[in-house]
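Colleague: One structure, pasted below without further comment.
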Amino acid sequence: MILARADQVSRRYGEVLALDRVDLTVRAGELVGLLGPNGAGKSTLLNLLVGLRRPTAGRVELLGGDPRDPTSRRQLGVTPQETGLPGTLRVGEVVDFVAAHFPDPVPRDELLDQFGLTDQVRRQTGGLSGGQRRRLAVALAFVGRPRLVVLDEPTTGLDVEARHTLWEAVRSFHADGGTVLLSSHYLEEVEALAQRVVVIGHGRVLADDSVTAIRGIVGVRRVSLVADDLPPLPGVVATEHAEGRTHLLTTDADQLVRDLVTAGVTFRDLEVRPTSLEEAFLTLTAGDRPAPTPA
Amino acid sequence: MPLALVHARYQLLEIVRIPVAIFGSAFFPAATMLFFVVPSAGDDPTAATYATAAMVTFAVMSANIFQYGIGVAEDRDQPWSSYSRTLPAGPGPRFAGRILAGLAITYFSMLPVVVIAAVATAARVTPAQFLLAAGGVAVISVPFTLLGLAIGYSLPSKAAIVVAQLIFFPLAFGGGLLFGPDNAPGFVDAIAPYLPTRGALELMWAAVTDWRLNPLSMIMLGVWIVVLAAVAGWAYRRDEGRRFT
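Quick mapping for you: the protein sequence lines, in order, are chains X and U.
Residue numbering for the first sequence follows our numbering, starting at 1 and increasing by one per position.
Residue numbering for the second sequence follows our numbering, starting at 1 and increasing by one per position.
Encoded structure:
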């Protein structure tokens, strides 16, 4: 049973081609992670699938119908990328408002308890912390007992504890048979949740595979050090110089460090960090383009 | 249509939580009454009644065009509005909810006008006329509400403010809202029946005086309602939230 499908979908904003002939199929019971750097087209694809925007070309299908038809959205729950809650409404009121759109909503107290918001029920959403607002926005996706939830970067800006609370909620929804499509630029998040990963870059699907397979592609480490001169080193995917430091991107950081030592190079301030997906993908998809400078 | 009531309730809640907004919409028609109608037509029962009805129409029009035109355009800038479009409800309940909430605010903003007319002018209505006029306010809100929605859903908020103002004054002037029934300039008499403001004004006059409705104004009011409903519905459907290039 296919719950959401994009078939050769393109979307253009003026001159910019945000999506370029994208295919995506989400089947019942799947937990699919949509990975890619900012501006890759993740949100555009999700917006098309939930009926907020129309494709320029191609076809989108949601729960067997056109996503722009309200009846197709009866079993859909959505968390948009931006948490825009009406600031003057109270938490409980916002939940009730969304619940009124569904025939059999989750009781308010149960939902708020699951997302750790019970104490906030009487507060106006404008007075919540960023993390509380984000949790409420994600909770709203589950109010209507959906078959499919679409979460656009659900945990962006959350601290570790809040992130794990949300992951728990997503996992338990999936364990009860729910289908999830979520976007993220954290590999960690997708690894923690998804079984299948779709990687998007420059408006195209770059990879659509299991988490393990994708991890092999993007498991690039950044070895950063201060050194005057480096000999050619095996296994380095990209080299970058910034602010007096040399950054080496490699798939095997351990071997690279051993090579550095055996080569007798003088270096100091060695750091080894996992790269962000963005860095890994820019490196792997753009060939000789240098990785971006870390912020 | 309980969902329409839900939408209306939350619209009102949001408005009530910022009371200044209500105060503003009640202040404008009241001030107009005090500064224009009371000094010039206050002592003549017929003129004062016509003028009060015109002020009520004027206020209904301004409240609705601005409330919806600008309110909807500003809401569309908010991520919440785009989120609520992913809920399983089409334009029907949202439109209906907005209109119900708008009506409640419109009635509220009428109260000072009615009190001033009763206390400070010679305007008089029978209880039957009063009830008829109260119902009339709901009827004449429809075209202006639809006009506001059409503006709000088709334009970004900064443009909506300008367009609402540009449309507002010619409609008020051309429809004869600023004149009594007998003293409008000739060209206003000529174009007025084709404007929705005139039909609305005549309905209010007919409710509280012995004014006889002009069939042409009524037909054109009906045509306006159909056309504006179509435009508002079209604008809603093509709306994809904010548009950036």
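Quick reminder that beta carbons are idealized off the backbone N, C-alpha and C, glycines included.
Bear in mind the structure is a predicted one, so any value in this text is a computation, not a measurement.
Decide if W224/U is buried, meaning its Cβ has at least 16 other Cβ atoms within 10 Å, or exposed.
Modeller: Buried, by the Cβ-count rule.
Colleague: Is there at least one Cβ from chain U nearer than 8 Å to L270/X's Cβ?
Modeller: no
Colleague: Give me the residue from A263/X, L270/X, L24/X, R108/X with the minimum Cα distance to L140/X.
Modeller: R108/X
Colleague: Can you find the residues in the same chain that come closer than 6 Å, C-beta to C-beta, to V197/X, ignoring five residues on each side of it along the sequence?
Modeller: G33, L35, V190, V211, I214
Colleague: For H241/X, count neighbouring C-beta atoms within 10 Å of its own C-beta (all shown protein chains included) and say buried if the count is 16 or more, exposed if not.
Modeller: By the 10 Å Cβ count, H241/X comes out exposed.
Colleague: With V72/U as the anchor, note down where its beta strand (DSSP E) starts and where it stops.
Modeller: No beta strand (DSSP E) holds V72/U; the alpha helix (DSSP H) holding it covers 45 to 77.
Colleague: For a cutoff of 8 Å on Cβ pairs, would you count F115/X as touching chain U?
Modeller: The beta carbon of F115/X sits no closer than 8 Å to any beta carbon of chain U.
Colleague: In whole angstroms, give me the CA-to-CA distance for S224/X and T251/X.
Modeller: The straight-line gap from Cα to Cα measures roughly 14 Å.
Colleague: State the CB to CB distance for the pair T145/U and Y68/U, rounded to an integer number of angstroms; the pair is presumed to be in contact (CB under 8 Å).
Modeller: 6 Å
Colleague: What residues from the region 221 to 234 of chain X come within 7 Å of chain U, judged by C-beta to C-beta, listed N to C?
Modeller: Cβ contacts with chain U come from no residue of the region 221 to 234 of chain X.
Colleague: Any idea what DSSP makes of D7/X, helix, strand or coil?
Modeller: strand
Colleague: Only counting the same chain, and skipping five residues up and downstream in sequence, which positions put a Cβ closer than 7 Å to that of G126/X?
Modeller: G87, T88
Colleague: Report buried or exposed for R73/X, applying the criterion of at least 16 other Cβ atoms within 10 angstroms of its Cβ.
Modeller: With 16 or more other Cβ atoms within 10 Å, it is buried.
Colleague: If you drop the 5 nearest sequence neighbours on each side, which residues of the same chain put their C-beta closer than 6 Å to that of L221/U?
Modeller: Hits under 6 Å: P196, G199.
Colleague: Measuring only the C-alpha atoms, how far is A8/U from V50/X?
Modeller: A8/U and V50/X: Cα-Cα distance of roughly 24 Å.
Colleague: I'd like the list of long-range same chain contacts for T46/U, defined as Cβ closer than 8 Å, with 5 residues on each side in sequence excluded.
Modeller: T209
Colleague: Can you pull out the residues from the region 66 to 90 of chain U whose beta carbon lies closer than 7 Å to at least one beta carbon of chain X?
Modeller: Residues Q78, P79, W80, S82, Y83, R85, T86, L87, P88, A89, G90.
Colleague: What residues in the region 4 to 23 of chain U bring their beta carbon closer than 7 Å to a beta carbon of chain X?
Modeller: V6, Y10, L13, E14, R17, I18
Colleague: Using the beta-carbon count (16 or more within 10 Å), is K158/U buried or exposed?
Modeller: So K158/U counts as exposed.
Colleague: For a contact defined as C-beta to C-beta under 8 Å, what are the partners of L89/X on chain U?
Modeller: Y10, L13, E14, R17
Colleague: Can you name the start and end residues of the alpha helix (DSSP H) that R245/X belongs to?
Modeller: Going by DSSP, R245/X is part of no alpha helix (DSSP H) but of the beta strand (DSSP E) stretching over 245 to 250.
Colleague: Could you say which of L3/U, F95/U, V16/U, T121/U lies nearest to Y50/U if we only look at CA atoms?
Modeller: T121/U
Colleague: Measure the alpha-carbon distance for Y258/U versus A162/X and round it to whole angstroms.
Modeller: No answer is possible for residue 258/U: the residues shown for chain U start at 1 and end at 245.
Colleague: Rounded to whole angstroms, what's the CA-CA distance from R68/X to G90/U? Just pull it up for me.
Modeller: 9 Å
Colleague: Given this structure, state the Cα-to-Cα distance separating E74/U from A164/U, to the nearest angstrom.
Modeller: 13 Å
Colleague: Does the beta carbon of V50/X come closer than 8 Å to any beta carbon on chain U?
Modeller: yes
Colleague: By the 8 Å beta-carbon criterion, what residues does the region 99 to 123 of chain X contribute toward chain U?
Modeller: A100, H101, F102
Colleague: Could you give the residue range of the alpha helix (DSSP H) that holds D109/X?
Modeller: 108 to 114
Colleague: Mind checking if P86/X is an interface residue toward chain C, Cβ cutoff 8 Å exclusive?
Modeller: The structure shown contains no chain C; its protein chains are X and U.
Colleague: What is the residue span of the beta strand (DSSP E) that D69/X lies within?
Modeller: Here D69/X belongs to no beta strand (DSSP E), and DSSP marks it neither H nor E.
Colleague: Any Cβ of chain U within less than 8 Å of the Cβ of T56/X?
Modeller: no
Colleague: Which one of G148/U, I151/U, V139/U, S40/U has the shortest CA to CA distance from Y107/U?
Modeller: V139/U
Colleague: Is any beta-carbon of chain U found at less than 8 Å from that of L128/X?
Modeller: no
Colleague: Consider the Cβ of P154/X: report whether some Cβ of chain U lies at a distance smaller than 8 Å.
Modeller: Residue contact check for P154/X against chain U: no CB pair falls below 8 Å.
Colleague: Apart from the five residues on each side of it in sequence, which residues of its chain come closer than 6 Å, Cβ to Cβ, to H174/X?
Modeller: In its chain, beyond the 5 residues on either side, L31, V180 have a beta carbon closer than 6 Å to the beta carbon of H174/X.
Colleague: Measuring CB to CB, does A48/U end up less than 8 Å from A150/U?
Modeller: The answer is no: Cβ separation not under 8 Å.
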